[in-house]
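Working notes, structure below.
There are 2 protein chains.
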Amino acid sequence: MTDVKTGINPLFLREEELRQGLELLFFAYRDFTSEPDAILAEYGFGRAHHRVIYFVGRHPDITVSDLLEILRITKQSLSRVLGQLVREKFITQRPGLKDRRQRLLELTEKGVELERQLTERQRGCMARAYREAGGEAVEGFRKVLLGLVEEADRGRFPSRGPIRRG
Amino acid sequence: MTDVKTGINPLFLREEELRQGLELLFFAYRDFTSEPDAILAEYGFGRAHHRVIYFVGRHPDITVSDLLEILRITKQSLSRVLGQLVREKFITQRPGLKDRRQRLLELTEKGVELERQLTERQRGCMARAYREAGGEAVEGFRKVLLGLVEEADRGRFPSRGPIRRG
DNA sequence: CCATATATGTCAACATGACTGACGTAAAAA
DNA sequence: TTTTTACGTCAGTCATGTTGACATATATGG
Numbered sequence: 068m069t070d071v072k073t074g075i076n077p078l079f080l081r082e083e084e085l086r087q088g089l090e091l092l093f094f095a096y097r098d099f100t101s102e103p104d105a106i107l108a109e110y111g112f113g114r115a116h117h118r119v120i121y122f123v124g125r126h127p128d129i130t131v132s133d134l135l136e137i138l139r140i141t142k143q144s145l146s147r148v149l150g151q152l153v154r155e156k157f158i159t160q161r162p163g164l165k166d167r168r169q170r171l172l173e174l175t176e177k178g179v180e181l182e183r184q185l186t187e188r189q190r191g192c193m194a195r196a197y198r199e200a201g202g203e204a205v206e207g208f209r210k211v212l213l214g215l216v217e218e219a220d221r222g223r224f225p226s227r228g229p230i231r232r233g
Numbered sequence: 068m069t070d071v072k073t074g075i076n077p078l079f080l081r082e083e084e085l086r087q088g089l090e091l092l093f094f095a096y097r098d099f100t101s102e103p104d105a106i107l108a109e110y111g112f113g114r115a116h117h118r119v120i121y122f123v124g125r126h127p128d129i130t131v132s133d134l135l136e137i138l139r140i141t142k143q144s145l146s147r148v149l150g151q152l153v154r155e156k157f158i159t160q161r162p163g164l165k166d167r168r169q170r171l172l173e174l175t176e177k178g179v180e181l182e183r184q185l186t187e188r189q190r191g192c193m194a195r196a197y198r199e200a201g202g203e204a205v206e207g208f209r210k211v212l213l214g215l216v217e218e219a220d221r222g223r224f225p226s227r228g229p230i231r232r233g
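The following block contains the structure:
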């Protein structure tokens, strides 16, 4: 194995390194959410609103059930925040074309603006981290995180191949 | 720049890639916490208890204030879960030696056992992801995540140098 | 020694975001 | 036509966070 040839212990499986992985995830998530939380508070919204706005922006005309599958919360929980966002005109609903039971969700201009404002900060943060770490590190970051995501959802992250593509 | 020489766009800064980063973090965190949540529920505990148990296990004899700084919650919030854990004998408190106002926190045997049970799953999950991604990817994972962590807390993650060390 | 600052705890009230369970309606599908 | 599906809603509960006010013991500095 690598360690025999190179004199490296398989450190990446050691307890300490694993724990650091857990903690990195905790600290990164903690700090990553704190920025938008402040903005959301100005609107009287919370993190749940951010998630809804984000994924509706990301998948225009998403249905309620698809959104529920992403968020993994109950419809009652979603209903509350979604209802607010619709009433306050950040999101519009319209019946599906093929299936008129569906409510296709879409951001209004107001919604797009808020989404931009919220996610811009996070993207900036991520961009800085990417830049500082370098392209190769980003590949690794993606690879490991993808391994932590449930099989079923990995398809959401199309591979771009190793580092470079045409 | 790289793109001129190699024909690569600086893709790692593109909107799409940044968004995938945000989402990877969301999905990974979502799935990463769901495992222990089930176990915690059996004890009538929640995620907050896990965090306390984890960091007390990680830093034996940690003080309440140090724990508060890690968790970034109010002492009232901590007090509730910590109180439960102490009453149910997962954690012991004893006055500090130098400063007797402090309450040094430590896991009991029962606490160690629960911590192990909870974190074992997560470590297993992380180990699998590490193994599948490879050592180099793990370095990248660490690098990027560290860049997302607030300056002040980066010292918690001593660098092991680039991939290999003696 | 005394005043002040610190470490911690506690009570009360409240908001958010999750949950379960039950029930309702409209539309699709069998 | 019956059943299933997509979605909504009401009601109640729980976990976890918040603020504000106040209490106590101990440390620390003048």
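Residue numbers (the working numbering), protein chains in the order written: chain A, 68 to 233; chain B, 68 to 233. By construction, the Cβ of each residue, glycine as well, lies at the ideal position given by its N, Cα and C atoms. Please read these numbers as outputs of a predicted model, since none were measured by experiment.
- Nearest in C-alpha terms to residue 104 (chain A), of all of A:147, A:131 and A:184, is A:184.
- From the listed residues A:176, A:124 and A:162, the smallest Cα separation to residue 170 (chain A) is found for A:162.
- Apart from the 5 residues on each side of it in sequence, residue 186 (chain A) sits with its Cβ closer than 7 Å to the Cβ of 121 in its chain, given in chain order.
- A residue is called buried when at least 16 other Cβ atoms come within 10 angstroms of its Cβ; residue 160 (chain B) does not meet this threshold and is exposed.
- For residue 171 (chain B), the beta-bridge partners assigned by DSSP are B:161.
- Straight through space, the alpha carbons of residue 87 (chain A) and residue 193 (chain A) are spaced by roughly 20 Å.
- 7 Å or more divides the Cβ of residue 208 (chain B) from the Cβ of residue 202 (chain A).
- Per DSSP, reduced to three states, the secondary structure at residue 140 (chain B) is coil, with no helix or strand assignment.
- With its beta carbon at least 7 Å from every one in chain A, residue 133 (chain B) lies outside the interface.
- For the C-beta of residue 94 (chain B), the chain A residues within less than 7 Å are, from N- to C-terminus, 216 and 220.
- The closest CA to that of residue 119 (chain A), considering only A:111, A:178 and A:95, is found on A:178.
- When the Cα atoms are used, residue 144 (chain A) and residue 152 (chain B) turn out to be separated by approximately 29 Å.
- Beta-bridge annotation (DSSP): residue 129 (chain B) is paired with B:172.
- Those residues of the segment 104 to 135 of chain A placed with their C-beta closer than 9 Å to a C-beta in chain B are 118, 121, 122 and 125, ordered along the chain.
- Between residue 196 (chain A) and residue 211 (chain B), the CB-CB gap stays under 7 Å.
- Interface annotation, residue 166 (chain B): not in contact with chain A, CB-CB separation never under 7 Å.
- Only exposed fits residue 218 (chain B), as fewer than 16 other CB atoms lie within 10 angstroms of its CB.
- Interface residue (Cβ-Cβ distance to chain B less than 7 Å): residue 83 (chain A) is not classified as such.
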